[in-house]
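When we follow the working numbering, the leftmost residue of the sequence shown carries the number 74, and every step to the right adds one.
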Amino acid sequence: MSLGEKLLSYRKKKGLSQEEVADILHVTRQTVSKWETDQSTPDFDKIVPICDLYGVSTEELFRENGGGGTEINLKSDDLSSIEYHKKKALYTTIAVMLYILSVVVIIFFSVVLRSPVIGVCVFFLVIAIATGMLIYIEMTKPLDKNHVVKRKIVTKEDRLYKQITSVLALLVLAIYLIISVLTMRWDITWILWIVYALLTEIIKLVFSLKGVEIHDEEE
Numbered sequence: 074m075s076l077g078e079k080l081l082s083y084r085k086k087k088g089l090s091q092e093e094v095a096d097i098l099h100v101t102r103q104t105v106s107k108w109e110t111d112q113s114t115p116d117f118d119k120i121v122p123i124c125d126l127y128g129v130s131t132e133e134l135f136r137e138n139g140g141g142g143t144e145i146n147l148k149s150d151d152l153s154s155i156e157y158h159k160k161k162a163l164y165t166t167i168a169v170m171l172y173i174l175s176v177v178v179i180i181f182f183s184v185v186l187r188s189p190v191i192g193v194c195v196f197f198l199v200i201a202i203a204t205g206m207l208i209y210i211e212m213t214k215p216l217d218k219n220h221v222v223k224r225k226i227v228t229k230e231d232r233l234y235k236q237i238t239s240v241l242a243l244l245v246l247a248i249y250l251i252i253s254v255l256t257m258r259w260d261i262t263w264i265l266w267i268v269y270a271l272l273t274e275i276i277k278l279v280f281s282l283k284g285v286e287i288h289d290e291e292e
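Below you can see the structure in the form of structure tokens.
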């Protein structure tokens, strides 16, 4: 069974039309049709969303069946990259949740339990765990063995992300200065920058869930 025949079979089992699949994967109906008739193959960044949509693994999708059809054999490096992006999405989601929880923790200990010192300690502990997870997932990123020098490609999504975060940074800076000057509580208002970092990660996560990878400037 060819890749196109598999995609057609999976779609019919899910009871979805080509238009519905196209909307979910953010492609055109013609693209889905070409996939299912083996006129073209899905782009690499669409493989994981396709597997998630149809509830199959990448190994199952690309497994050889000996039926003489057109198959795609992914290299082990490609499979590692797919698994890495799945793990990155999970770790990033947990880290974002921990960042949110850290703010709740320090407020709870300071206001409810009247123990600001313990609250600060727990706050930094949660922040350390979340940051450690983000550092770990970046350090375990598979190396691109096919290119000695990786050329930076700036997409319109990258530019949109940069514009959004730039405006957000100016907004947070203005709020930070206004609140700090009015209340003179500079020891507390710095938390706004943690909120800013949290929001940028949430924005990046939203792009990721839509199948768009944001390229950092250092890449």
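Even for Gly, the Cβ is constructed at its ideal location relative to N, Cα and C.
Since the model is a prediction, treat every value here as computed from it, not as a measurement.
field: Cβ-Cβ distance between L98 and L126 below 9 Å
entry: Numbered from 1 along the sequence shown, position 25 holds the residue referred to as residue 98. Numbered from 1 along the sequence shown, position 53 holds the residue referred to as residue 126. Yes. Within cutoff.
- request: Determine the direct distance from the alpha carbon of G192 to that of D96, and round the result to whole angstroms.
  value: Stepping through the sequence shown from its first residue, residue 96 is reached at position 23. Stepping through the sequence shown from its first residue, residue 192 is reached at position 119. So the alpha carbons of these two residues sit roughly 46 Å apart.
query: Under the criterion of a Cβ to heavy atom distance below 8 Å, does R232 qualify as lining the ligand ZN?
result: Because no ligand of any kind appears in the structure shown, any question about the ligand ZN cannot be addressed here.
- prompt: Helix, strand or coil for T143 per DSSP?
  reply: Position 70 of the sequence shown holds residue 143. For T143, the predicted model reports a pLDDT of 42, less than 50, meaning its position is unreliable and no value from the coordinates is stated.
- prompt: Can you tell me the Cα-Cα spacing of L186 and C194, whole angstroms?
  reply: Within the sequence shown, the letter at position 113 stands for residue 186. Within the sequence shown, the letter at position 121 stands for residue 194. C-alpha separation (whole angstroms): 14 Å.
field: Proximity winner among E230, F182, L278, relative to L207 (alpha-carbon distances)
entry: As a first step, residue 207 must be located in the sequence shown, where it is residue number 134. The option with the nearest alpha carbon to L207 is L278.
field: Per-residue DSSP class, three states only, for E291
entry: Within the sequence shown, numbered from 1, the residue matching residue 291 stands at position 218. Per-residue confidence for E291 stands at a pLDDT of 44, beneath the threshold of 50, marking its modelled position as unreliable; no derived number is given.
- prompt: How would you call E156, buried or exposed, if buried means at least 16 neighbouring beta carbons within 10 angstroms?
  reply: For the purposes of this step, residue 156 is taken as residue 83 along the sequence shown, with counting starting at 1. When all chains shown are included, E156 counts as exposed.
message: Quick check on I275: does DSSP put it in helix, strand or coil?
response: Position 202 of the sequence shown holds residue 275. Three-state DSSP puts I275 in a helix.
- prompt: Between the beta-carbon of T110 and the beta-carbon of I120, is there less than 9 Å?
  reply: As a first step, residue 110 must be located in the sequence shown, where it is residue number 37. As a first step, residue 120 must be located in the sequence shown, where it is residue number 47. In this structure, I120 does not lie closer than 9 Å to T110 by Cβ.
query: Hey, would you say S113 sits closer than 9 Å to T101, going by beta carbons?
result: Sequence index remark: in the sequence shown, residue 113 carries index 40 (1-based). Sequence index remark: in the sequence shown, residue 101 carries index 28 (1-based). No, the pair does not count as a contact, with Cβ atoms beyond the cut-off.
task: Return the chain-ordered list of same chain residues with a C-beta closer than 7 Å to the C-beta of E92, the five sequence neighbours on each side being excluded.
output: Within the sequence shown, residue 92 is the residue found at index 19, counting from 1. Hits under 7 Å: R102.
- prompt: Should K79 be labelled buried (16 or more other beta-carbon atoms within 10 Å of its own) or exposed?
  reply: Translated into the one-based positions of the sequence shown, residue 79 becomes position 6. Flag for K79 reads buried.
query: DSSP on Q103, reduced to helix/strand/coil?
result: The sequence position of residue 103 within the sequence shown is 30, counting from 1. Helix.
message: So, for T143: in the same chain, excluding its five sequence neighbours on each side, which residues have a beta-carbon less than 6 Å away from its beta-carbon?
response: To locate residue 143, count along the sequence shown from 1; it is residue 70. Confidence at T143 is low in this model, with a pLDDT of 42, below 50, so its placement is unreliable and no value can be given for it.
- prompt: Three-state secondary structure (DSSP) at K112?
  reply: Here residue 112 corresponds to residue number 39 of the sequence shown, with the count starting at 1. One point to set straight first is that residue 112 is Gln, not Lys, in the sequence displayed. The answer is coil: DSSP assigns Q112 none of H, G, I, E or B.
- prompt: Nearest to L271 by alpha carbon, out of L174, I180, L255?
  reply: In the sequence shown, the residue the question calls residue 271 occupies position 198. When only C-alpha atoms are compared, the closest one is L174.
Boundaries (first-last residue) of the alpha helix (DSSP H) holding T131: Along the sequence shown, read from residue 1 onward, the residue named residue 131 stands at position 58. Start and end: 131-134.
- request: Report the rounded CA-to-CA distance for K214 versus K160, giving the unit in angstroms.
  value: Residue numbering aside, residue 214 sits at position 141 when the sequence shown is read from its first letter. Residue numbering aside, residue 160 sits at position 87 when the sequence shown is read from its first letter. Their Cα atoms are separated by approximately 10 Å.
message: Tell me the rounded alpha-carbon separation between R232 and R136.
response: As a first step, residue 232 must be located in the sequence shown, where it is residue number 159. As a first step, residue 136 must be located in the sequence shown, where it is residue number 63. Those two C-alpha atoms are separated by around 38 Å.
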